[in-house]
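See structure below.
In the working numbering, the protein residues as written are 157 to 390.
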């Protein structure tokens, strides 16, 4: 009876949204998570069944929720069984597992996944008058001008290894305008690493260069290493 009540109240909560939004089921409606995102419009939910998905997904600026079945029943076992593995990118310079790099905001939600196998994204950064090559965001790369929301994910075993500068083995939220607000809550961030042999490495777990809220995350066994200049923030 208790479980029936929980489902009942959940349905009451989502009925107003259901009248104006669509739930796109993966793989029932769309074969891949990215296909589900491509088909979605603002306000929709891409609901992903348990499986391992070898993808590097991009929110494409959409204000949508991408979630495992954890969102339905809060059963945390869905998180470890719904895996986005970014170890097979179409281009080696674009190896982050999750991209939120356009017009996303805090209504752009990623919830209930294991995010693994990422190797980060090659980019250039400007510091004072100099430009440097860098690899950033092993598991998650956030460069939205408005923000993002990540809740109840496991971000693990993502590795940035570069001859340049490395930022954020698990997650990197870059340095967009000060209006950006990223929310990182209730995630487990573990066993990620970053190394940069040319310059320096920052944030084995998280590199955070924006406004935001980081709370109630479990962070462990992440490393940052640079042989030439000090590494910061394992």
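Glycine is no exception: its CB is placed at the ideal position from the N, C-alpha and C atoms.
Alpha helix (DSSP H) segment containing residue i, residue limits
{"i": "residue 289", "result": "No alpha helix (DSSP H) holds residue 289; the beta strand (DSSP E) holding it covers 286-292."}
Neighbourhood of residue i by C-beta, 6 Å cutoff - its chain only, sequence neighbours within 5 removed
{"i": "residue 310", "result": "235, 270 and 344"}
{"i": "residue 375", "result": "345 and 361"}
{"i": "residue 340", "result": "306 and 370"}
{"i": "residue 177", "result": "199 and 200"}
{"i": "residue 244", "result": "210"}
{"i": "residue 318", "result": "291 and 352"}
{"i": "residue 151", "result": "An answer regarding residue 151 cannot be provided, because it is not within the stretch 157 to 390 covered by the chain."}
{"i": "residue 316", "result": "276, 291, 294, 322, 325 and 350"}
{"i": "residue 224", "result": "204, 234, 238, 268 and 269"}
N- and C-terminal bounds of the beta strand (DSSP E) containing residue i
{"i": "residue 349", "result": "349-352"}
{"i": "residue 342", "result": "Per DSSP, residue 342 belongs to no beta strand (DSSP E) and is neither H nor E."}
{"i": "residue 368", "result": "367-371"}
{"i": "residue 447", "result": "Summary: the structure shown does not reach residue 447, with the chain confined to residues 157 through 390, and so no result is reported for it."}
{"i": "residue 199", "result": "Looking at the DSSP string, residue 199 is not in any beta strand (DSSP E), and its letter there is neither H nor E."}
{"i": "residue 322", "result": "321-323"}
{"i": "residue 212", "result": "Looking at the DSSP string, residue 212 is not in any beta strand (DSSP E), and its letter there is neither H nor E."}
{"i": "residue 374", "result": "374-376"}
{"i": "residue 336", "result": "Where residue 336 is concerned, there is no enclosing beta strand (DSSP E), given that its DSSP letter is neither H nor E."}
{"i": "residue 315", "result": "315-318"}
{"i": "residue 178", "result": "Here residue 178 belongs to no beta strand (DSSP E), and DSSP marks it neither H nor E."}
{"i": "residue 312", "result": "310-312"}
{"i": "residue 362", "result": "362-364"}
{"i": "residue 328", "result": "327-329"}
{"i": "residue 380", "result": "379-381"}
Nearest-angstrom beta carbon gap, residue j and residue i [assumed within contact, 8 Å]
{"i": "residue 304", "j": "residue 338", "result": "5 Å"}
{"i": "residue 460", "j": "residue 326", "result": "The shown model of the chain, from 157 to 390, leaves out residue 460, and the question about it has no answer."}
{"i": "residue 352", "j": "residue 322", "result": "4 Å"}
{"i": "residue 320", "j": "residue 288", "result": "7 Å"}
{"i": "residue 342", "j": "residue 314", "result": "At roughly 18 Å, the Cβ-Cβ gap does not stay under 8 Å, so residue 342 and residue 314 are not in contact."}
{"i": "residue 439", "j": "residue 336", "result": "The structure shown has nothing for residue 439, since the chain only spans 157 to 390."}
Chain-order list of residues whose beta-carbon lies under 8 Å from that of residue i (same chain, five-residue window excluded)
{"i": "residue 241", "result": "208, 209, 210, 211, 253, 272 and 273"}
{"i": "residue 216", "result": "193, 194 and 258"}
{"i": "residue 250", "result": "212, 277 and 278"}
{"i": "residue 227", "result": "201, 203, 221, 267 and 268"}
{"i": "residue 189", "result": "182, 202, 204, 209, 211, 213, 222 and 240"}
{"i": "residue 196", "result": "178, 180, 202, 218 and 220"}
Neighbourhood of residue i by C-beta, 7 Å cutoff - its chain only, sequence neighbours within 5 removed
{"i": "residue 263", "result": "219"}
The ligand SAM heavy atom lying under 7 Å from the CB of residue i
{"i": "residue 200", "result": "Because no ligand of any kind appears in the structure shown, any question about the ligand SAM cannot be addressed here."}
Practice problem: Examine the Cβ distances between the stretch 271-290 and the stretch 224-235 and report whether three or more of them are shorter than 8 Å. | Solution: no
Exercise. Please determine if the stretch 192-202 and the stretch 218-230 are in contact, where contact requires at least 3 C-beta pairs separated by less than 8 Å.
Key: yes
Quiz item: Between the stretch 250-260 and the stretch 280-287, are three or more C-beta pairs nearer than 8 Å?
Solution: no
Quiz item: Which runs of the alpha helix (DSSP H) fall wholly inside the stretch 224-308 and span at least 4 residues, in chain order?
Solution: DSSP runs (the alpha helix (DSSP H)) wholly in the stretch 224-308: 226-229 and 233-237.
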